[in-house]
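Engineer: Chains as they are written, first to last, in our numbering: chain C, 4 to 122; chain F, 4 to 122. Provided herewith is a single structure, encoded as structure tokens, for subsequent inquiry.
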DNA sequence: CCGTATCCCGGAGGATACTG
DNA sequence: CAGTATCCTCCGGGATACGG
């Protein structure tokens with residue numbers, strides 16, 4: 004984060020304001036209540052449906068399925084079904100998915116350095 | 004972004020999983036459809052209500068007011084009213100608000116490097 | 001175990017009209 | 001100009017029950 008200068012700011016303020024551009028594109032992927040958390044969870048390696056569910060605080064199966072499908076379509080993660088009994092389904096980040104770690108890391112740092120103001 | 008190593012990953016995978024922690028804290032601030040875009044807009048300097056509204060693509064006044072109030076309460080931005088006729092209200096990022104630029108920048112880079120897969 | 005199928009709810013967000 | 005006040009819509013997300 005500390006390479007930070009103002010070239011960063013310049014890029015941020017640059018042209019390409021409004022839809023279709025960098026930030027907006029990212030927001031489409033990291034959208035909703037769960038996407039970012041799912042990616043963080045998978046950064047530690049592939050996980051099964053049930054593992055993910057409990058690690059995230061048990062969202063409903065429908066919700067988790069929906070979000071996983073969305074991320075799969077956006078090629079952020081892959082879904083692998085092992086034809087066994089009982090079935091086993093494993094989710095893993097793609098290269099693109101893993102490349103989101105820089106954003107997650109920036110979020111982590113900011114969050115740690117800016118605790119909630121006391122009310 | 005390129006200091007990136009795996010110390011980053013280690014931090015991300017570290018303890019403090021689940022609520023209350025870094026990433027989660029940030030997600031509470033950069034929540035919903037507008038917060039991130041408002042911050043980006045204000046990185047180029049203080050702006051009036053109307054300026055913000057049109058720059059963002061004209062969300063409803065209610066929506067924009069709600070989001071601005073929320074960010075104000077979280078001390079991401081300040082609201083200054085100039086008692087003139089017609090009234091002038093200026094929104095500006097606080098130090099905390101400006102410190103979000105690292106995250107925005109990471110989003111910008113990722114978005115530019117990962118265009119939508121063609122369908 | 002890993003879903004899908006339904007039904008349901010809250011709240012973010014929009015539309016419109018009106019005010020200091 | 002910069003909001004409030006109302007009303008309304010949409011959909012992310014939860015609960016529950018069932019299926020391969």
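From the three backbone atoms N, C-alpha and C, an ideal C-beta is built for every residue, glycine too.
Are the Cβ atoms of residue 113(C) and residue 105(F) separated by less than 8 Å?
Structural biologist: Closer than 8 Å, so yes.
Engineer: For the beta strand (DSSP E) containing residue 92(F), name the first residue and the last one.
Structural biologist: Start and end: 91-96.
Engineer: With distances taken between CB atoms, is the gap from residue 110(C) to residue 42(F) smaller than 8 Å?
Structural biologist: No, the pair does not count as a contact, with Cβ atoms beyond the cut-off.
Engineer: Roughly how far, in whole angstroms, is the beta-carbon of residue 67(C) from the beta-carbon of residue 74(C), given that I think they are within contact range, below 8 Å?
Structural biologist: That pair is no contact at about 11 Å.
Engineer: Out of curiosity, what's the CA-to-CA distance linking residue 58(F) and residue 15(F)?
Structural biologist: The straight-line gap from Cα to Cα measures roughly 34 Å.
Engineer: Any Cβ of chain C within less than 8 Å of the Cβ of residue 71(F)?
Structural biologist: Taking Cβ atoms only, chain C never reaches closer than 8 Å to residue 71(F), which makes this a no.
Engineer: So for residue 81(F), helix, strand or coil by DSSP?
Structural biologist: Strand.
Engineer: Using a Cβ-Cβ cut-off of less than 7 Å, list which residues of the segment 40-61 of chain C approach chain F; keep chain order.
Structural biologist: Listed in sequence order: 43, 46, 47 and 60.
Engineer: Beta-carbon within less than 6 Å of residue 63(C)'s beta-carbon, same chain only, minus the 5 sequence neighbours each way: which residues are those?
Structural biologist: Within the same chain, residue 63(C) has no close Cβ partners at all.
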